[in-house]
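Visitor:
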Amino acid sequence: MTISIWRYSHLALAISSFAFILIASLTGIILAFEPISNQLEPYAANNTKNLTLAQTITVLQKHYDEIIEIEIDNNDFVSASVITKEGDNKTLYVDPLTGKKIGDIIEKAPVFKFATNLHRSLFLKSIGRFFVGLFSFILFLIAITGILLIIKRQQSIHRFFSKVIKENFEQYYHIQIGRLTLIPIIIIALTGVYLSLEKFSLLPSNIVKHQIDFENIKEAPRLQIKDFKVFNQTQLKHVRKVEFPFSDDREDYFHIKLSDRELNINQFTGEILSEVKYPFNTLLSHWSLVLHTGQGSILWSVILLISSCSILFFMYSGFLMTLKRRKKSLVLKNVYHKDKSEYIILVGSETGNTFDYARLFYDALIDLGKTVFISELNKYSSYKKAAHLIVFTATYGKGEPPTNAKSFEQSFKKIEPKKEMKFSVVGFGSLAYPDFCKYAIDIDKMLQSHPKFKSITELYSIHNQSYESFKDWSLQWGEKINLPIQVKQLQKVIKPKNNKQFSVVHRSPLNNDNTFILRLRPEEKIRFTSGDLLAFYPENDAVERLYSIGKIDDDIILSIKKHEFGICSTYFSKLTQNDSITASIKRNPDFNFPTHAKEIIMIANGTGIAPFLGMINKNDTKIKTHLFWGGRNKQSNELYSEIIQDSLKNNNLTTFYPAYSRTQPKKIYVQHVLKRNGDLIIKTLDKNGVILICGSVIMQKDVVNVLDNICKEVNNKPISYYQNKGQLKMDCY
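Residue numbering for the sequence shown follows the UniProt record's numbering, beginning at 1 and increasing consecutively.
1) Report all residues from its chain with a CB closer than 7 Å to the CB of I682; omit the five preceding and five following residues, and keep chain order.
2) Leaving aside the five residues before and after I157 along the sequence, list all residues of the same chain whose C-beta is less than 7 Å from its C-beta, in chain order.
3) Taking the alpha-carbon positions, what's the D363 to F428 distance?
4) Who are the near neighbours of G695 in its chain, counting only those whose CB is closer than 7 Å to its CB and skipping five residues on each side?
5) Per DSSP, what kind of secondary structure is M1 in: helix, strand or coil?
6) Applying the criterion that 16 or more other CB atoms from any shown protein chain within 10 Å of the CB defines a buried residue, is I556 buried or exposed?
7) Tell me, to the nearest whole angstrom, how far the beta carbon of Y194 is from that of S288; I am working on the premise that it is less than 8 Å.
8) Which one of N404, I217, D367, L312 has the shortest CA to CA distance from K488?
9) Are there three or more Cβ pairs, one per stretch, closer than 8 Å when the region 44 to 55 is compared with the region 350 to 360?
10) For A610 and G630, which I take to be in contact (beta-carbon distance under 8 Å), what is that distance rounded to the nearest angstrom?
11) Identify whether F20 lies in helix, strand or coil by the three-state DSSP scheme.
12) With a threshold of 7 Å (Cβ to nearest heavy atom), would T582 be considered close to the ligand HEM?
13) Exposed or buried, what is E376 when buried is set at 16 or more other beta-carbons lying within 10 Å of its beta-carbon?
14) Using a threshold of 8 Å, state whether the C-beta atoms of I57 and I67 are closer than that.
15) Across the region 684 to 693 and the region 580 to 599, are there enough close Cβ pairs to call them in contact, namely three or more that are closer than 8 Å?
16) Kindly list the residues whose CB is nearer than 8 Å to the CB of N216, restricted to its own chain and excluding five residues on each side of it in sequence; keep chain order.
17) Where do the ends of the beta strand (DSSP E) carrying I691 lie?
18) Beta-carbon within less than 7 Å of G146's beta-carbon, same chain only, minus the 5 sequence neighbours each way: which residues are those?
19) Using the Cβ count rule (16 or more neighbours within 10 Å means buried), how would you classify N498?
20) Suppose you measure from the CA of A14 to the CA of Y396; what does that come to, to the nearest Å?
21) Does the distance from the CB of N38 to the CB of I102 come in under 8 Å?
22) Starting from the N-terminal side, write out each stretch of the alpha helix (DSSP H) that is 4 residues or longer and does not extend beyond the region 576 to 652.
23) Starting from C568, trace the alpha helix (DSSP H) both ways and give me its first and last residue.
24) Going by C-alpha to C-alpha distance, which of Q645, K237, K712, L533 sits closest to P96?
25) Here's a check: name, in chain order, each residue in its chain whose Cβ is nearer than 6 Å to the Cβ of V391, leaving out the five neighbours to either side.
26) Starting from N266, follow its DSSP beta bridges and name the residues at the other end.
27) Does the beta-carbon of K414 have 16 or more other beta-carbons within 10 angstroms, so that it is buried, or is it exposed?
28) Can you list, in chain order, the residues of its chain whose CB lies under 7 Å from that of I3, leaving out five sequence neighbours each side?
29) Where do the ends of the alpha helix (DSSP H) carrying N89 lie?
30) Three or more beta-carbon pairs under 8 Å between the region 49 to 65 and the region 197 to 217, yes or no?
31) In angstroms, rounded to a whole number, what distance separates the CA positions of Y571 and A115?
32) Apply the 10 Å Cβ neighbour rule to E599 and answer buried if 16 or more other Cβ atoms are within range, or exposed otherwise.
33) Return the residue from the list K370, Y460, V673 that minimises the CA-CA distance to Y439.
34) Which of the three DSSP states is assigned to D104 in this structure?
35) Would you kindly report the start and end of the unbroken alpha helix (DSSP H) that includes T393?
36) Enumerate, from N- to C-terminal direction, the unbroken alpha helix (DSSP H) stretches of 4 or more residues contained entirely within the region 432 to 510.
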């Protein structure tokens, strides 16, 4: 399978630097604990906001015979090198307010010494430092290529932090954690590069040079240190280091390092002999060290710790995704040669997921004894015996072809089919993105425009890799050519976890649509809200079934349609009061009631109304809420009418707009009612209101299309503009 240049670069950089990044991350995790442990020591100077350097030196002189040096580190620990009254030379932590000793200097623990040497030079001295700098730069490039891949995936830099469609655990958290730790990782990488360059003297010198006129140094008037003007004007919080004069010679002076400059001070008069501001590279060097090590900040050290741990996770999840992608490429193994096959399946996939469905279709045709050939769109060719062309393709970026389909259009123009062929195009994507199935639309147009290709089914779009939608399409396709095709279930095995027991409070009789309401009560206290999902696993089946929840009086309200061969719906339809089921709650925060909104529009069809019943019931603040719902006829609404009417009476629900498709000759669906209420749509969006959609994917497509047209006509903006602002939320299957 072909992969994009950015993904290839991202992967190649990660593989080439695997060993170093592993060592750097592990040692980084260890070293992150050093500044944390130091910060927890009780040596930090407190209540020194207005304390001056003169005050600190004065109190120290009272306790010690001589002061050699004072230093304030990044932890705000004040250390002093002194000669005691007993004549001992000591370095210790002192209280700058009292001058008293508060502790001995912290010795670096052996584990931190070992980790530091390994982290800085791999125990290889200069050669090791070179590789550390090199691989730090590679880590930076990995982060940059990761940014580009996310932008490409999200279709815009403006959507960088928008919702990520979850395909699997590794992919989802690789992106989610990557976005959160992106800035710290870039800082770690760049500061690592800078510090390495500095060690090799490849940066401008940051040595500060002073110009002192020694001939004109004055010895009078002599002042006490407490009377030095500069010492009284310098707050201790700005001081890094003070070196005291070695002797009473006038050529000796106080050397003071502040946060942004250095000063040399006459030891007799307190006059400033020279003052030099630090150049930018000196400040950069200081902050590079602080940011790379976390010195002086527990919060930043914790961020560095999390970032180092996340790098380990990226290595695990990244390589696992690569292995899965390579494994999926095995789908290209064929039983029949392309020139001996009647059915040609071409696939466009960026991540490999579309191949799962293409393989199901391939296997179903093979089971029927058909000759089938499967390949990538990039490998489009001429096919001697082909009668059917089936294209399965995803869309990448802003309506662009996946990488293994980039050359299809060029090949299609050059290669003339040997005979007429019937074709079908199936697009895979997510309605969360504005360019939903755009590339599938482009391919369909290409094939439609060619005289030797004849369409037998309309372009079919599948949202969020829905197996049900895929199965429906395959049955439609089979009917068109009188082929009894049966695609097998895509086995995405999910291990049940956090299962709880739920008691049946009530189950309504089936209405004329074979729909019923099931009311469940958790047998223990569980946190959930309307819009969350109930995950149920049928017996001897590890594939979860999800049901959108409405919450009323701490009970779960489910609206379920009984299907003739539906395992779960049939099981639920036979439950009676006090029966117990085993299931779990999956939080769905992106589809909870938006309490911050000034106005809300809810759109549903059929059983998709369930979460909205709970949301309306909980609308205690009386936010203006409008419910659009589509059903077959008025009898379909009898299941929900009591809750809806009560909500209208107590103003939990402002208006209710039903759409009945079977009560008149011309079918009216919920999107038709929406179209007639375009003013309400625009008014709600303009006041930062929120639109919620729940129900079937087919309804969702039509509704989104209507909303898009309304927004473009009135506000000259697509519905995706409001979706990016969090004003459109959808939960459809």
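Glycine residues also receive a C-beta, built at the ideal position from the N, C-alpha and C atoms.
Guide: A quick look at the data gives this:
1) I710, V714, N715
2) Excluding its 5 nearest sequence neighbours in each direction, I157 has C-beta neighbours in its own chain below 7 Å: I151, listed in chain order.
3) 19 Å
4) A604, N605, G606, G608, C732
5) With a pLDDT of 42 at M1, under the threshold of 50, the predicted position of this residue should be treated as unreliable, and no value is reported.
6) buried
7) 5 Å
8) D367
9) no
10) Contact doesn't hold; Cβ gap of about 14 Å is too wide.
11) helix
12) Among the components modelled here there is no ligand, and therefore nothing to report on the ligand HEM.
13) It is buried - the Cβ of E376 has at least 16 other Cβ atoms within 10 Å.
14) yes
15) yes
16) none
17) 690 to 695
18) So the list reads H10, G178, once near-sequence residues are dropped.
19) exposed
20) 23 Å
21) no
22) 610 to 617, 641 to 649
23) 567 to 573
24) Taking only the C-alpha atoms, the option nearest P96 is K237.
25) L346, V425, I443
26) Y253
27) A residue is called buried when at least 16 other Cβ atoms come within 10 angstroms of its Cβ; K414 does not meet this threshold and is exposed.
28) With a pLDDT of only 46 at I3, under the threshold of 50, the placement of this residue in the model should not be trusted; the figure read from the coordinates follows. These residues qualify, in order along the chain: T403.
29) It is not in any alpha helix (DSSP H) - N89 instead sits in the beta strand (DSSP E) that spans 89 to 94.
30) no
31) 59 Å
32) Under a 10 Å Cβ-count criterion, E599 is classified as buried, with 16 or more other Cβ atoms of the shown protein chains found around its own Cβ.
33) Y460
34) strand
35) Looking at the DSSP string, T393 is not in any alpha helix (DSSP H); the run it does join, the beta strand (DSSP E), is 388 to 394.
36) 438 to 448, 467 to 480
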